[in-house]
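Scroll down for the structure; my scribbles are underneath it.
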Amino acid sequence: MSATTFNRLTPYLFLAPALVIMVLALLYPLGYMVYGSFRDWDPSQALGESEFTGLANYVTLWNDPNFRESVAVTLKFAVSVVSIEMLIGVGLALLLDRNLRGMSVLRTLFILPMMIAPVVVGLVWRYMYHPTVGIFNNTLKSIGLEPVDWLGQHALLSVIIADIWQWTPFIFILSLAALQSLPRSALEAARIDGATGWQQIIHIKLPLMMPVLIVTGLLRLIDAFKVLEVILVMTEGGPGLSTEILALRISRTATEFRELGVAAAMSNYLLILLMLLTLLMLFYNRWQEYRAAKAKRAIEEAV
Amino acid sequence: MAAVSDNSQAQHPAFYAVVVMLIIMAVGPIALMFVNSFKLDVDIISGTSGLLFLPTIQNYETALCDVLPYELDHLDFCALKFGGAFINSLIIALVSTFFTLVIGCMAAYALVRFRFMGRDTASGTTLMVRMVPPAVLLVPVFGLWNNEFCISKTSWLGEIIRDNFGGRGDVCLAGTHSGIILIYIAMNLPFVIWILQSFIVQVPRQLEEAARMDGAGPFQVFFKVVLPLIKPGLAAAAIFTFRIAWNEYLLASALSDRDTKTVPILIVNNMSEFNVEWGVIMATGMLLAIPPIIFTLFASRQIITGMTAGAVKG
Amino acid sequence: MLSITKTLRTAAAASVLFAGQAMAGPYDDYAGMTLVVNFPAHPHYDAVRKILPEFTKETGIEVEVDQLPYLKMRERQTLELAQDEGDYDLIAYVVFSKADYVYADQLENLARYFMNPKLADPSYDADDLIDGYVYNIGFAGGNKGYLQGKTGSLFGIPYGSETSVLGYRKDIFEKHGLEVPETYEQMLDIACKIPELEPGMGGLSSRAASGHHASHAFLLHLAPMGGRVFDDSWTPIVNNEAGVKAANALKTIVDCGPEGAASFGFGEALGSFLAGDTAMFLDTTVVAGQINDPKKSKVVGKVGWAMHPMDVRRGSQTGGFGIGIPKNAENKEAAFLLMQWLTSKAGDKLVAMAGGNPSRFSTHADADVNAKFPHMATFGEALKHADPDWRPIIPVWGKINADLGTTLSKVLTEDLDIQEALDGVASRAKVVMEEAGYYTWQ
Chain A
1 MSATTFNRLT
11 PYLFLAPALV
21 IMVLALLYPL
31 GYMVYGSFRD
41 WDPSQALGES
51 EFTGLANYVT
61 LWNDPNFRES
71 VAVTLKFAVS
81 VVSIEMLIGV
91 GLALLLDRNL
101 RGMSVLRTLF
111 ILPMMIAPVV
121 VGLVWRYMYH
131 PTVGIFNNTL
141 KSIGLEPVDW
151 LGQHALLSVI
161 IADIWQWTPF
171 IFILSLAALQ
181 SLPRSALEAA
191 RIDGATGWQQ
201 IIHIKLPLMM
211 PVLIVTGLLR
221 LIDAFKVLEV
231 ILVMTEGGPG
241 LSTEILALRI
251 SRTATEFREL
261 GVAAAMSNYL
271 LILLMLLTLL
281 MLFYNRWQEY
291 RAAKAKRAIE
301 EAV
Chain B
1001 MAAVSDNSQA
1011 QHPAFYAVVV
1021 MLIIMAVGPI
1031 ALMFVNSFKL
1041 DVDIISGTSG
1051 LLFLPTIQNY
1061 ETALCDVLPY
1071 ELDHLDFCAL
1081 KFGGAFINSL
1091 IIALVSTFFT
1101 LVIGCMAAYA
1111 LVRFRFMGRD
1121 TASGTTLMVR
1131 MVPPAVLLVP
1141 VFGLWNNEFC
1151 ISKTSWLGEI
1161 IRDNFGGRGD
1171 VCLAGTHSGI
1181 ILIYIAMNLP
1191 FVIWILQSFI
1201 VQVPRQLEEA
1211 ARMDGAGPFQ
1221 VFFKVVLPLI
1231 KPGLAAAAIF
1241 TFRIAWNEYL
1251 LASALSDRDT
1261 KTVPILIVNN
1271 MSEFNVEWGV
1281 IMATGMLLAI
1291 PPIIFTLFAS
1301 RQIITGMTAG
1311 AVKG
Chain C
2001 MLSITKTLRT
2011 AAAASVLFAG
2021 QAMAGPYDDY
2031 AGMTLVVNFP
2041 AHPHYDAVRK
2051 ILPEFTKETG
2061 IEVEVDQLPY
2071 LKMRERQTLE
2081 LAQDEGDYDL
2091 IAYVVFSKAD
2101 YVYADQLENL
2111 ARYFMNPKLA
2121 DPSYDADDLI
2131 DGYVYNIGFA
2141 GGNKGYLQGK
2151 TGSLFGIPYG
2161 SETSVLGYRK
2171 DIFEKHGLEV
2181 PETYEQMLDI
2191 ACKIPELEPG
2201 MGGLSSRAAS
2211 GHHASHAFLL
2221 HLAPMGGRVF
2231 DDSWTPIVNN
2241 EAGVKAANAL
2251 KTIVDCGPEG
2261 AASFGFGEAL
2271 GSFLAGDTAM
2281 FLDTTVVAGQ
2291 INDPKKSKVV
2301 GKVGWAMHPM
2311 DVRRGSQTGG
2321 FGIGIPKNAE
2331 NKEAAFLLMQ
2341 WLTSKAGDKL
2351 VAMAGGNPSR
2361 FSTHADADVN
2371 AKFPHMATFG
2381 EALKHADPDW
2391 RPIIPVWGKI
2401 NADLGTTLSK
2411 VLTEDLDIQE
2421 ALDGVASRAK
2431 VVMEEAGYYT
2441 WQ
């Protein structure tokens, strides 16, 4: 082998291990899943022994009110956590974007909730929400208020609160980073022109941060569809189906109801849903980038 | 937030109040877990949330009963095999982090430097793959690892494995450390490639060309020149990979058997309905949380770099 | 604590003595072997783990226990039993798994082992095992496929079997001059009075969480009210008058129950009773050990036991676990020996003294056991009314059970109309039954 062919092969050599693993452990399983979703498949069978049933699994699911409710819960959960977290996270970043002593400590400690295992987060919150020994109800009672049935009547809300606790810091830290990398000149110019704090935020800071915010929101949205352990530990999807997000329903269908074919079809629905959302966001992102670029140019021209 | 004055050192005390409150909110639940892990169940159930209790390490002893050198009086038998699970978790997390980094680094380097595929395509694909929730992988991985990715026990390799490691039936990926490690590498690769790309782009090309002039091959250039320069990126990627491998529950619980259980599985199992032993659960939760807490306290800068590199620069 | 270990030791010593005389050789071929067993995380099996060292000492057979929460255990077993060669030599299974495993031909028929003179212990006295449990847990292929009947045979032995009893706070009942309820009417009445009499205290602590828990609690009331899930021709009748009445009872109990009752799983329901937040507890007998354990309970010595109240009839639940040998096990004969040792008279007493649930008549009547656990007499009485048909143990039950449980949870938390909800369950159950072929002969 001559040196030049070796050089030409290098990129492939560098990429090969990653490709092999991705194909073997991601693409092949996904294909396997699509194949399995058309079959009546039980965990005690190998896929080959199962019976081909065409679109039956998809049709059953489409007509299954429980599945639809689960989709609704998933969307409700994802949309509310992402929007609330964006609101609080960006708000805090704007508020605290200044030289405060203790900011680095805050940032460090703020990362903690994200780093800790979801399983642990779930169990701590389950404990805190406990109807009688939990800290929330104890506090409510000690100040003379009625205790709240957190994981019963307000299960979805409770789960959303826990997620907000865990993930708002993510958005806060990213927005803060974005804020601090904004071009000083633009802000300087605005201040000289006498723009108030609010005007600076609405007309300069937010538009300039937008590309980062979009990506951040998209990442959070994707992750919101992955949440499973926290809810599993806190409520196991109950009461009723009120917190049974799709990921949880897939795992229950596979392990508890032992219907792998249906679970595969459900996984496909979830993937399609996510794909649509991502494409939508990417498309919107392009459009926003284009607008942001225009705004930036406008500001620079103004300067 | 009326007047935004950038460089003044003295800020309104209200801001400090906000910062302090945020810190309490972020750390409070974890502190609560820490405190409760030193309480007996009776103290926890009685709901006296105050600090008036006799701290005990009994919960930790119960959790670690399989690795403690002495017998415990309060236990009739050792039910929780926490020590074993901790070792499994360590093996799985460390090995998968190592391989993800090596493989991810090489791939990221190839994508950036040899640009035979647009970077946009690469990061688009990465994002797409990142979108796949673990729950979606559950069914196929469960099926494949148990039924397809197997070596017959009568083949020579299968025989060697069965003779040396025991066990019964065909040798399958399910139930082994390698099975779980493989899926973790696959899950983390896209993210690692994505982060590392943004670091490799910043390595000046001239450095590499100079090395090549001195007669270094592409592998030498990569390991001797590029790798040392992207250390911060590597640290960030390592922490994130480790975190996912260390914390993941769903796939591990589908793929592990009784000897390869990881700590999250143990904790979920221990929330068994007949006997919620809050004290012990809190202690195991605390033990599981220690490595991530250490990372956070000592490497928060790298973590923030990693997080922002993914979103801001990517 | 000390006294428990002490009694345990005495009991163990007695059994060693007994075993030493009776068995010289049956274990010799298997000594040194390691059996892998799969047990649930359950108070009875915690007690079993305490006595297993005794088995090893006596026989030389080592036992490695893989203990899992029981729903997890079922998932694990589904996978393990389907392999050509499995890891487990002996498994404990939940009652309703019996249908799945036997139907899929995954459990050994025990006839071959009880016929084998080298394995079967002549002093085993199988007639002493409680009939209801044997038929409910170990028997398959009889009437309706899961009840006693001439066509059935034995696939497992009840171990860790339970029935339902009513636990109540003696101190609270005395303080307010309340009578221990005999009927459902009285019980529901008291359950709703308690929160008024004792502010902050719930009436009756019941499980109600979505899924298996809610369904279990409902079925607990369905049998005494004369209801059934299916009639004799497998038509779902869960939505008849008795069904609605049982669901109403469950709703009343949850409404008058402790805070957060609608999301209680078994652990929370028991926890609430242990913490003294509830005056009554109606569920399995398995809790007695924990209620008397000062490390976990604040109500030690304050709890009295009574029969599961009756409505139109007496009918307490039959549940718990059985142990069986998987078809794909490696050491089946040694597994049988362990199974026989555990469920023998000596073993049953040993586990009862360690806090487990005995499965033999003789153990319930045993003087030592009764001296240590005075409630055993009430439990023995309750057993006489245990209803083996309080839930159908058929292979598709898992699916119907899940649907029933989710729907009931909606009734409890979202105020779904009860009749409407049960009608829905019945019609969906009908489809499942149809698909499974239960109406083929009609």
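Protein chains in written order, with my numbering: chain A, 1 to 303; chain B, 1001 to 1314; chain C, 2001 to 2442.
Where is the CB? At the ideal position from N, CA and C, for every residue including glycine.
For residue i, the first and last residue of its enclosing alpha helix (DSSP H)
{"i": "B/Trp1156", "result": "1156 to 1165"}
{"i": "B/Gly1279", "result": "1278 to 1308"}
{"i": "B/Asp1066", "result": "Counting along the chain, B/Asp1066 falls outside any alpha helix (DSSP H), and DSSP gives it neither H nor E."}
{"i": "A/Val120", "result": "118 to 128"}
{"i": "C/Gly2322", "result": "Counting along the chain, C/Gly2322 falls outside any alpha helix (DSSP H), though it belongs to the beta strand (DSSP E) covering 2319 to 2324."}
{"i": "C/Tyr2027", "result": "Per DSSP, C/Tyr2027 belongs to no alpha helix (DSSP H) and is neither H nor E."}
{"i": "C/Ala2426", "result": "2418 to 2436"}
{"i": "B/Val1201", "result": "Neither: B/Val1201 is in no alpha helix (DSSP H) and is coded neither H nor E."}
Cβ-Cβ distance between residue i and residue j below 8 Å
{"i": "C/Pro2309", "j": "C/Tyr2184", "result": "yes"}
{"i": "C/Val2094", "j": "C/Phe2321", "result": "yes"}
{"i": "C/His2328", "j": "C/Gln2148", "result": "Reading off the sequence, residue 2328 of chain C comes out as Asn, not His. No, Cβ-Cβ distance for C/Asn2328 and C/Gln2148 is not below 8 Å."}
{"i": "A/Met266", "j": "A/Leu246", "result": "yes"}
{"i": "C/Ser2210", "j": "C/Ile2253", "result": "no"}
{"i": "A/Val81", "j": "A/Ile164", "result": "yes"}
{"i": "C/Gly2398", "j": "A/Phe257", "result": "yes"}
Alpha carbon of residue i to alpha carbon of residue j, nearest angstrom
{"i": "C/Glu2381", "j": "A/Trp62", "result": "50 Å"}
{"i": "A/Leu279", "j": "C/Ser2297", "result": "55 Å"}
{"i": "A/Tyr32", "j": "A/Met22", "result": "14 Å"}
{"i": "C/Thr2078", "j": "C/Tyr2101", "result": "8 Å"}
{"i": "B/Ala1264", "j": "A/Tyr35", "result": "Per the sequence shown, the amino acid found at residue 1264 of chain B is Pro instead of Ala. If I take the Cα positions, the gap works out to 31 Å."}
{"i": "C/Ile2237", "j": "C/Gly2086", "result": "40 Å"}
{"i": "C/Leu2107", "j": "C/Pro2181", "result": "42 Å"}
{"i": "C/Val2369", "j": "C/Lys2349", "result": "7 Å"}
{"i": "A/Ile160", "j": "A/Leu270", "result": "20 Å"}
Anticipated Cβ contact below 8 Å, residue i with residue j, distance rounded
{"i": "B/Gly1285", "j": "B/Met1033", "result": "6 Å"}
{"i": "B/Thr1056", "j": "B/Val1280", "result": "The Cβ separation is near 12 Å, so there is no contact."}
{"i": "B/Ile1290", "j": "A/Leu112", "result": "With 8 Å as the limit, B/Ile1290 and A/Leu112 do not qualify as a contact, their Cβ atoms being about 12 Å apart."}
{"i": "A/Val121", "j": "A/Ala162", "result": "7 Å"}
{"i": "B/Tyr1249", "j": "A/Glu229", "result": "5 Å"}
Extent of the continuous beta strand (DSSP E) to which residue i belongs
{"i": "C/Gln2067", "result": "2062 to 2068"}
{"i": "C/Ser2161", "result": "2157 to 2162"}
{"i": "C/Tyr2093", "result": "2090 to 2094"}
{"i": "C/Leu2035", "result": "2034 to 2040"}
{"i": "B/Ala1245", "result": "No beta strand (DSSP E) holds B/Ala1245; the alpha helix (DSSP H) holding it covers 1231 to 1247."}
{"i": "C/Phe2281", "result": "2278 to 2284"}
{"i": "C/Leu2204", "result": "2202 to 2205"}
{"i": "C/Met2307", "result": "2303 to 2307"}
Three-way DSSP call (helix, strand, coil) for residue i in this model
{"i": "C/Thr2343", "result": "helix"}
{"i": "A/Val90", "result": "helix"}
{"i": "B/Val1268", "result": "helix"}
{"i": "A/Phe14", "result": "helix"}
{"i": "A/Tyr284", "result": "helix"}
{"i": "C/Pro2122", "result": "coil"}
{"i": "C/Arg2169", "result": "strand"}
{"i": "C/Glu2333", "result": "helix"}
{"i": "C/Pro2236", "result": "strand"}
{"i": "C/Asp2189", "result": "helix"}
{"i": "A/Ile143", "result": "coil"}
is_contact[residue i, chain F] using C-beta, thresh 8 Å
{"i": "C/Asp2277", "result": "Checking the listed chains, one finds no chain F in this structure; the protein chains it contains are A, B and C."}
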